[in-house]
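Undergrad:
In the numbering used here, the protein residues as written are 349 to 1006.
(1) Taking Cβ to Cβ, would you say residue 562 is nearer than 9 Å to residue 655?
(2) Note down, in chain order, each residue of its chain lying with its Cβ closer than 7 Å to the Cβ of residue 494, except the 5 sequence neighbours on either side.
(3) For residue 722, which residues does DSSP report across the bridge?
(4) In the DSSP assignment, the alpha helix (DSSP H) including residue 574 goes from what residue to what residue?
(5) Residue 616 and residue 794 - do their beta-carbons sit closer together than 9 Å?
(6) If residue 676 sits next to residue 528, beta carbons under 8 Å apart, how far is it from one beta carbon to the other, in whole angstroms?
(7) Out of 449, 447, 674 and 747, which has the shortest C-alpha to C-alpha gap to residue 658?
(8) Considering residue 582, what are the terminal residues of the beta strand (DSSP E) in which it resides?
(9) Helix, strand or coil: which one does DSSP assign to residue 653?
(10) Could you name the residues of the same chain whose beta carbon sits closer than 6 Å to that of residue 601, not counting the 5 residues immediately before and after it, in chain order?
(11) Assuming residue 776 and residue 744 make a contact with CB atoms under 8 Å, what is their CB distance in whole Å?
(12) Taking the alpha-carbon positions, what's the residue 763 to residue 598 distance?
(13) Work out the CA separation of residue 741 and residue 643 for me, nearest whole Å.
(14) Note down, one range per segment and in chain order, each alpha helix (DSSP H) of at least 4 residues found wholly within the region 741-819.
(15) Tell me the rounded alpha-carbon separation between residue 815 and residue 566.
(16) Among the residues of its own chain, which have a CB less than 7 Å from the CB of residue 586, if the five just before and after it don't count?
(17) Could I get the ranges of all uninterrupted beta strand (DSSP E) runs contained in the region 453-501, with 3 residues as the minimum, in chain order?
(18) By alpha-carbon positions, which one of 823, 725 and 900 ends up nearest to residue 918?
(19) Using 8 Å for Cβ pairs, my map puts residue 518 next to residue 721. What's the rounded Cβ distance?
(20) Which residues share a DSSP beta bridge with residue 824?
(21) I'd like to know whether the C-beta atoms of residue 780 and residue 751 end up nearer to each other than 9 Å.
(22) In the region 497-561, which residue ranges form an unbroken alpha helix (DSSP H) of at least 4 residues, counting only runs that do not cross its ends?
(23) Looking at the unbroken alpha helix (DSSP H) that takes in residue 634, where does it start and where does it end?
(24) Alpha carbons only, please: which of 608, 817 and 924 is nearest the one belonging to residue 581?
(25) Can you name, in chain order, every residue of its own chain whose Cβ lies under 6 Å from the Cβ of residue 512, other than the five neighbours on each side?
(26) DSSP three-state call for residue 707: helix, strand or coil?
(27) With a threshold of 7 Å on Cβ separation, who are the neighbours of residue 558 within its own chain once the five nearest residues in sequence on each side are excluded?
(28) If you draw a straight line from the C-alpha of residue 784 to the C-alpha of residue 496, how long is it?
(29) Identify whether residue 829 lies in helix, strand or coil by the three-state DSSP scheme.
(30) Compare the C-beta of residue 568 with all C-beta atoms of chain B and state if any pair is closer than 9 Å.
(31) Anyone know if the C-beta pair for residue 483 and residue 822 falls short of 9 Å?
(32) Taking the alpha-carbon of residue 488 as reference, which of 454, 460, 541 and 593 has the nearest alpha-carbon?
(33) Let me check understanding here. Comparing Cα to Cα, which of 913, 805 and 761 lies closest to residue 536?
(34) Is it buried or exposed for residue 526, if we count other Cβ within 10 angstroms and need 16 for buried?
(35) Closest to residue 500 by C-alpha separation, out of 749, 789 and 922, would be which residue?
(36) Consult DSSP for residue 840 and reduce its assignment to one of helix, strand or coil.
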């Protein structure tokens, strides 16, 4: 139905050919079922209905990109065409010129939309990124020696469902559960998908920390689980994207944010949008197929997508993969076929969520074995073709999903005629043999990304992985504004701190990624300051204030995310947390007449602990000028110190902050 005030494609076509709009019969013939342009001599007839259909397919809508090749209206002859009922002469060359002009207009509109879309994608890829740090071409990836295969069952780490709510809360049901496969009697007619659908609720509802609901679920299901032995944490689709790059497929315009927590690499997808709108011009039935062929378990009626996190080996790496599970499939048995639900004809509206509300985990549902998880797909019926699984076999492989159910429907009316079941293990085994080289290269790529972040200065080690061009390399870019992808409380509970026996408490670099020193407190030499034994209490002096003295070529910078200073050698661009050895200080001990003063105190204030000790300074001749250590600990977590030497004695200052 045409929108009031606009021209339909058929009216535009009639205007183009000079035909009155009011005609109810075929404009090129006397009958209602055909007729054509009689080209003399030996011309061919071109039905107006087909031409109108071709022009309609080139509609310059916002949601469809026209294909100019679909317009097959061509007149090879420039002879005079005669309209059989009107005897009006129309020059074929004039018609051809008008059609060419129409093609040009459609092409220009298509190019404009493509350029606009590319600009949006480029802006999304470049957001919060800096300079290119490293480039990874496909040719530089060598496959690992170990075979990458699905040869064992995965271990379930956690599972959960988001609650469908519009009251501003963020609630997850743990362990939740996927809907149960309960197909209605066939044939069954589906309505086309409509409205807006979120591709991933973890990003749609909590984009700042999309892995937060996973940790809330782990707190309930496996509170003692440790990530120290997990090399990579990623979404299933993140791994599929990297595999396609390793296969040499030409596609581009995607981005993954990378975060290193202790020694575990987290991959976070960043894309232009996380909501898709169903297109009326290209009807699909996937969402409605899932809705009408499954039933929610008791207590989970208001639950939405079911997410699972499983752990398994990926060659030499151990990975934890999160994915959405479509259904729970139990082996077929005799039971009553349920009544089909009443199709919902109302389009699904986009929900508005409070993305800053804290997440609350509620115990609901029962544990679902990994062996019962099923993937649901739909395919249109094509008599001349068999069902094809090639486009999503990698999906079931990375999710370790053993059941695949495909609804086969008529393209004309969406009626599901049959459901094809397939056990995916044999199919997945054949697939992994076929793409084994690419799988081994992907493992190499994951290892390189992890090692690259390990060498970055801490405590927040993060970067952006981008592929801008369809056939271009991967680029690692700086991340301008870094933040912890895992909350501090979750880090404390799910990572074991690595022992550093060569570092004393309160010393430099004695930190984990959140800035706390060992034993959760920074210490200086509290109460250990002493003056010269020869000239005790004979004079006064002080150590010059200000930042620590640095050797030439070194500068001190400040990390805003961790609120800690770090030091950079300008010549090599090498950075480190601890200050370099400073140059010798001037002689301060020559006129010292009093030493031995010693003050120390300890303040306990909630999470903050401050301890300090000050000693006096050496006497005449600068014998062993020493100032007691000074330690502080605050919530931000800082740990730094320096040691300064004078000409005859020495002065040491140590500061530690948890």
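Using N, Cα and C, we set each Cβ at its ideal position, and we do this for glycine too.
TA: Let's see:
(1) It is a contact, given that the beta carbons lie within the stated cut-off.
(2) The beta carbon of residue 494 sits closer than 7 Å to the beta carbons of 663 and 664 from its chain, once the five residues preceding and following it are set aside; these are given in chain order.
(3) According to DSSP, which records beta bridges pairwise, residue 722 is partnered with 675 and 751.
(4) From DSSP, residue 574 is part of no alpha helix (DSSP H); its letter is neither H nor E.
(5) A distance of 9 Å or more separates the beta carbons of residue 794 and residue 616.
(6) For a cut-off of 8 Å, the C-beta gap from residue 676 to residue 528 is around 5 Å, short enough to register as a contact.
(7) Answer by Cα proximity: 747.
(8) Where residue 582 is concerned, the enclosing beta strand (DSSP E) stretches over 580-583.
(9) Strand, per DSSP.
(10) Within the same chain, and ignoring the five residues on either side of residue 601 in sequence, the residues whose Cβ sits closer than 6 Å to its Cβ are 469.
(11) About 6 Å separates the CB atoms of residue 776 and residue 744; that is less than 8 Å, so the two are in contact.
(12) About 35 Å.
(13) C-alpha separation (whole angstroms): 25 Å.
(14) The qualifying runs are 741-747, 772-782 and 784-802.
(15) One C-alpha to the other measures close to 33 Å.
(16) The residues are 604, 615 and 617.
(17) Listed in chain order, they are 477-484.
(18) Per the Cα distances, 900.
(19) Actually they are not in contact, since the Cβ atoms of residue 518 and residue 721 sit about 25 Å apart, beyond 8 Å.
(20) In DSSP, residue 824 forms a bridge with 482 and 813.
(21) Against a cut-off of 9 Å, the Cβ pair of residue 751 and residue 780 comes out as no contact.
(22) Within the region 497-561, the complete alpha helix (DSSP H) runs of at least 4 residues are 549-553.
(23) In the DSSP assignment, residue 634 falls within the alpha helix (DSSP H) that extends over 634-640.
(24) The residue among 608, 817 and 924 with its C-alpha nearest the C-alpha of residue 581 is 608.
(25) Within the same chain, residue 512 has close Cβ partners 650 and 652.
(26) Three-state DSSP puts residue 707 in a strand.
(27) Correct list, in chain order: 550, 551 and 616.
(28) Cα to Cα, residue 784 sits roughly 7 Å from residue 496.
(29) It is coil, neither helix nor strand.
(30) The structure shown contains no chain B, having only a single protein chain.
(31) Yes, these two residues count as a Cβ contact at 9 Å.
(32) Here the closest residue by C-alpha is 593.
(33) Of 913, 805 and 761, the residue nearest in Cα terms is 761.
(34) Answer is buried; the Cβ neighbour count reaches 16.
(35) Ranked by Cα distance from residue 500, the options 749, 789 and 922 are led by 749.
(36) Shown here, residue 840 sits in a helix according to DSSP, grouped into three states.
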